[in-house]
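To keep things clear, I will list the structure first and then write my remarks on it.
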């Protein structure tokens, strides 16, 4: 989804760089799409950071340091810890 928003952001931004080449209708649509892609991408970023820090504690530390606690490994990736947890 983030990639799609990035494409919309770049294409709509390209139209906005050359306003003399497009009609007012196209420019207004480009502004709306550009703003929407920016807002959507920002919201996805906030949710992503929340999930990696608050919702699943230890995840950010694992990404930064490459280490997780045995309890985290058992909960998220049971094969890492050697235990098999059937859900």
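In my numbering, the protein residues as written are 45 to 131.
All residues carry an ideal CB built from backbone N, CA and C; glycine is no exception.
Being a predicted model, the structure only gives us computed values, none of them experimental.
For residue 107, the enclosing alpha helix (DSSP H) stretches over residues 103-109. Three or more beta-carbon pairs drawn from the stretch 71-85 and the stretch 52-60 are found closer than 8 Å, and the two stretches are therefore classed as touching. Residue nearest to residue 102 within the set 91, 88, 119 is 119 (criterion: CA-CA distance). Within the same chain, 103, 104, 107 come within 8 Å of residue 96 by CB-CB distance, once the 5 residues on both sides are set aside. Straight-line measurement puts the Cα of residue 45 at about 12 Å from the Cα of residue 86.
Under the three-state reduction of DSSP output, residue 62 falls in the coil class, being neither helix nor strand.
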